[in-house]
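Residues in the sequence shown are numbered consecutively from 1, following the working numbering. All C-beta atoms in this analysis are idealised placements derived from N, C-alpha and C, irrespective of residue type, glycine included.
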Amino acid sequence: MKNTYQKIIKEIIGPGAKEHGFTYSCSGAMNITKPLAMYTRNIEGVNQMIYIYQSLIDMDEIVFCYKGLNKGIKYNCSSENEFRQAVLNMEELLRNGGYAELDDFLKSPYRLKTKQYEYFRDNFELLWKRFEANHYMGNDNELFTSLELLDNYAKEASMLEGEALIDFLYEIAAEYGKIISELPDSYMEWSEQAEIFFAKRKDTSVIQRITSPLGYVFKKVEMNKPIIFSSNYKNLLTLQEKKRLLNN
């Protein structure tokens, strides 16, 4: 059945997906789902995916999504004919707005591309120095004090727009990267594979050893949510550092 379903998907969705730069792939079953098709594309460092999978709990349930795995459209298919009709509907949704929506997503000024990460990497020191020239960060502050200051400065984002906002996000992200890279065994590193400039800790006891300062601030603004550095960095801390934070 899976092979038949995959053949139907390739027949109906495949041509349009290829035309829009998507490449077909598929992986094995997961805990509660079975992938039927994945179409992926990478545009200047931005990954996008069209995903179709079958529920292993209810085998008649087919889920289609092209925005993200949490925003799927569900179909009930108890026969090959019903499945074909469902895939025809998926193709219609993509053709009548889905592909355009995916293209528009790439045009967002807050959707970071490779060249923006490269700019951040190449100008990292210049950017945090520019931020500190206009924002008092204290003298030899503790990590937690520095992040609290940065949280207050981050509120300025709501008063800016256009290029002024973009410039501010680069600068405050660089300052955040500078602060957390001063943690023991921490540093900023360029990933050739992901094409992202991120902060990393060598300590294997922390929950999250890698974070992207630039990705974090741009994502928050894109989602219209507040930038709170004092929350984002906590998974980068060791247990001892967290205890110290609670005692402050």
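Kindly identify the DSSP beta-bridge partner or partners of Gln-48.
Residue numbering aside, residue 48 sits at position 48 when the sequence shown is read from its first letter. Answer by DSSP bridge pairing, in chain order: Arg-41.
For Asn-3 and Gly-16, the rounded distance between their alpha carbons:
Locating residue 16 in the sequence shown gives position 16, counting from the first residue. Locating residue 3 in the sequence shown gives position 3, counting from the first residue. When rounded, the separation of the alpha-carbon atoms in Gly-16 and Asn-3 is 20 angstroms.
Relative to the C-alpha of Val-50, which candidate in Leu-93, Met-59 and Asn-31 has its C-alpha closest?
For this step, residue 50 is matched to residue 50 along the sequence shown. According to the sequence displayed, residue 50 carries Ile and not Val. Closest by alpha carbon: Leu-93.
Between the beta-carbon of Leu-147 and the beta-carbon of Ser-230, is there less than 8 angstroms?
In the sequence shown, counting from the first residue as 1, residue 147 sits at position 147. In the sequence shown, counting from the first residue as 1, residue 230 sits at position 230. Yes, the Cβ-Cβ distance between Leu-147 and Ser-230 is below 8 angstroms.
Check the DSSP bridge columns for Asn-76 and list the partner residues they point to.
Position 76 of the sequence shown holds residue 76. Asn-76 is bridged to Glu-61.
Straight-line gap, Asn-42 to Pro-184 (C-alpha atoms, nearest Å)
Residue numbering aside, residue 42 sits at position 42 when the sequence shown is read from its first letter. Residue numbering aside, residue 184 sits at position 184 when the sequence shown is read from its first letter. If I take the Cα positions, the gap works out to 35 angstroms.
Hey, Leu-56 and Ile-73: beta-carbon distance below 8 angstroms or not?
Locating residue 56 in the sequence shown gives position 56, counting from the first residue. Locating residue 73 in the sequence shown gives position 73, counting from the first residue. No, they are not a contact pair.
Within 10 angstroms of the Cβ of Asn-70, are there 16 or more other Cβ atoms? Answer buried if so, exposed if not.
Looking up residue 70 in the sequence shown gives position 70. Annotation note: pLDDT 49 at Asn-70 (below 50); position unreliable, no value reported.
Could you check where the alpha helix (DSSP H) with Ala-199 kicks off and where it finishes?
In the sequence shown, residue 199 corresponds to position 199, counting from 1. Counting along the chain, Ala-199 falls outside any alpha helix (DSSP H), though it belongs to the beta strand (DSSP E) covering 196-201.
Would you kindly check if the distance between the Cβ of Ile-12 and the Cβ of Val-63 is under 8 angstroms?
Numbered from its first residue, the sequence shown carries residue 63 at position 63. Numbered from its first residue, the sequence shown carries residue 12 at position 12. Result no, Cβ atoms of Val-63 and Ile-12 do not sit closer than 8 angstroms.
Same chain only: Cβ atoms within 6 angstroms of Tyr-216, ignoring 5 sequence neighbours per side:
Within the sequence shown, the letter at position 216 stands for residue 216. Taken in chain order, the residues that qualify are Asn-232.
For Glu-132, the residue or residues it bridges with in DSSP:
As a working mapping, residue 132 is identified with position 132 in the sequence shown. DSSP, once it has assigned bridges, lists no residue as partnering Glu-132.
Please state whether the Cβ-Cβ distance between Phe-83 and Tyr-5 is less than 8 angstroms.
Working through the sequence shown from its first residue, we reach residue 83 at position 83. Working through the sequence shown from its first residue, we reach residue 5 at position 5. Yes, the Cβ-Cβ distance between Phe-83 and Tyr-5 is below 8 angstroms.
Does the distance from the C-beta atom of Glu-171 to that of Phe-131 stay below 8 angstroms?
By 1-based counting over the sequence shown, the position of residue 171 is 171. By 1-based counting over the sequence shown, the position of residue 131 is 131. Inclusion of Glu-171 and Phe-131 in the CB contact set at 8 angstroms is warranted, their separation being smaller than that value.
Might you give, ordered along the chain, the residues of its own chain that have their beta carbon closer than 6 angstroms to the beta carbon of Tyr-66, omitting 5 neighbours on each side?
Along the sequence shown, one-based indexing puts residue 66 at 66. Answer for Tyr-66: Ile-50 and Gly-98, listed in chain order.
Return the CA-CA distance between Asn-24 and Ala-100, expressed in angstroms with no decimal places.
For the purposes of this step, residue 24 is identified with residue 24 of the sequence shown, where counting begins at 1. For the purposes of this step, residue 100 is identified with residue 100 of the sequence shown, where counting begins at 1. The sequence given here places Tyr at residue 24; Asn does not occur at that position. The alpha-carbon atoms of Tyr-24 and Ala-100 are separated by roughly 19 angstroms.
Reduced DSSP category for Lys-107 - H, G, I as helix; E, B as strand; rest coil:
For the purposes of this step, residue 107 is taken as residue 107 along the sequence shown, with counting starting at 1. If DSSP states are grouped into helix, strand and coil, Lys-107 belongs with the helices.
For the alpha helix (DSSP H) containing Tyr-66, list its first residue and its last residue.
Numbered from its first residue, the sequence shown carries residue 66 at position 66. Per DSSP, Tyr-66 belongs to no alpha helix (DSSP H) and is neither H nor E.
Identify whether Leu-36 lies in helix, strand or coil by the three-state DSSP scheme.
For the purposes of this step, residue 36 is taken as residue 36 along the sequence shown, with counting starting at 1. Correct three-state label for Leu-36: strand.
Endpoints, alpha helix (DSSP H) assigned at Ser-231
For the purposes of this step, residue 231 is identified with residue 231 of the sequence shown, where counting begins at 1. Element bounds for Ser-231: 229-232.
Opening and closing residue of the beta strand (DSSP E) in which Thr-238 lies:
Locating residue 238 in the sequence shown gives position 238, where the first residue counts as 1. Here Thr-238 belongs to no beta strand (DSSP E), and DSSP marks it neither H nor E.
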